[in-house]
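Okay, so the sequence shown: first residue is 786 according to the numbering used here, each after it adds one.
Data first, discussion second: the structure below is written as structure tokens.
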Amino acid sequence: NDNLHEAMGKRVQDQGIKSVALLAPNYPAGKDALTGFKRFYKGDIADEIYSKLGQLDYSAEIAQIRAAGADAVYIFLPGGMGINFIKQYAQSGMMKKVPIFAPGFSGDEDVVKAVGPAMEGLYNTTHWYREMDNPANKRFVADFEKETGRLPTLYASQGYDAALLIDAAVKAVGGKVDDKAALRKAFETVKAPSVRG
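Below, the structure written as structure tokens:
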């Protein structure tokens, strides 16, 4: 669960950013996200802020970030939380002063569509994006858009990859899913196409 956060911690570290304010909701995934980021970022943590899960108004947190004097802010605010924060952060003028770094979930197609131009200037890490140039991904994106009338999200890509892996493993055991040992071995060894290549 930490891979996107660790990757961004490394990117921010490698970019030479000296201090970062951190923001996530106060629940296990939020704490795990910031722990993952800090595993690779070794600069100064100007502030570590935990908001309420499901929070919609971030004026107090934006004021804290401003007061912290950080060079950047790392957020893990999935779904509506991230949409609201990014909009409010951009409206406050902070986006131009203190850039946002975030995991792919905070910059997927649904978030970009909901936030609009305020997304410009946000940096994110992800293990999938819709323009990856491989046959499985091209088919997935085209089929998804045809079926739903919208572009797929990171969550959709993960679900699709999981379905492909399950299908390949079930085929490898000839449909005999009651044989748990064989099924487990199939999951460990089977090759399945992936939207990630």
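For each residue, glycine too, the CB sits at the ideal point set by N, CA and C.
Apart from the five residues just before and just after K881, which ones in its own chain have a Cβ nearer than 8 Å to its Cβ?
Taking the first residue of the sequence shown as position 1, residue 881 is located at position 96. Answer for K881: G906, listed in chain order.
Rounded to whole angstroms, what's the CA-CA distance from K816 to S891? Just pull it up for me.
Numbered from its first residue, the sequence shown carries residue 816 at position 31. Numbered from its first residue, the sequence shown carries residue 891 at position 106. Going by the C-alpha atoms only, they are around 16 Å apart.
Quick test of your reading: V797 and A853, contact by CB under 8 Å. State the CB separation rounded to the nearest angstrom.
As a working note, residue 797 is residue 12 in the sequence shown. As a working note, residue 853 is residue 68 in the sequence shown. Not confirmed; about 15 Å, so no contact.
With C-beta atoms as the reference, is V975 less than 8 Å away from A953?
The residue given as residue 975 occupies position 190 in the sequence shown. The residue given as residue 953 occupies position 168 in the sequence shown. Closer than 8 Å, so yes.
Using 8 Å as the threshold, is the C-beta distance between T938 and L789 below it?
Taking the sequence shown and counting its residues from 1, one reaches residue 938 at position 153. Taking the sequence shown and counting its residues from 1, one reaches residue 789 at position 4. No, the Cβ-Cβ distance between T938 and L789 is not below 8 Å.
Which whole-angstrom value is the C-beta distance of A887 and N909, which I expect to be below 8 Å?
For the purposes of this step, residue 887 is taken as the residue at position 102 of the sequence shown. For the purposes of this step, residue 909 is taken as the residue at position 124 of the sequence shown. At roughly 5 Å, the Cβ-Cβ gap stays under 8 Å, so A887 and N909 are in contact.
Taking the alpha carbon of M793 as the reference point, which residue from M879, F825, P810 and N811 has its own alpha carbon closest?
Your numbering for residue 793 matches position 8 in the sequence shown. With distances taken between Cα atoms, M793 lies closest to F825.
Going by DSSP, which residues form a beta bridge with F886?
On the sequence shown, position 101 is the one that residue 886 refers to. Answer is Y859 and Y908, bridged to F886.
Which value, in whole angstroms, describes the spacing of the CA atoms of I871 and S979?
Counting from one through the sequence shown, the residue named residue 871 turns up at place 86. Counting from one through the sequence shown, the residue named residue 979 turns up at place 194. Near 31 Å, if we compare the C-alpha coordinates of S979 and I871.
With distances taken Cα to Cα, identify the nearest neighbour of E791 among F822, D963 and G801.
For this step, residue 791 is matched to residue 6 along the sequence shown. Comparing Cα positions, the closest option is F822.
Using the C-alpha atoms, what's the distance from D963 back to P884?
Stepping through the sequence shown from its first residue, residue 884 is reached at position 99. Stepping through the sequence shown from its first residue, residue 963 is reached at position 178. Cα to Cα, the separation comes out at about 51 Å.
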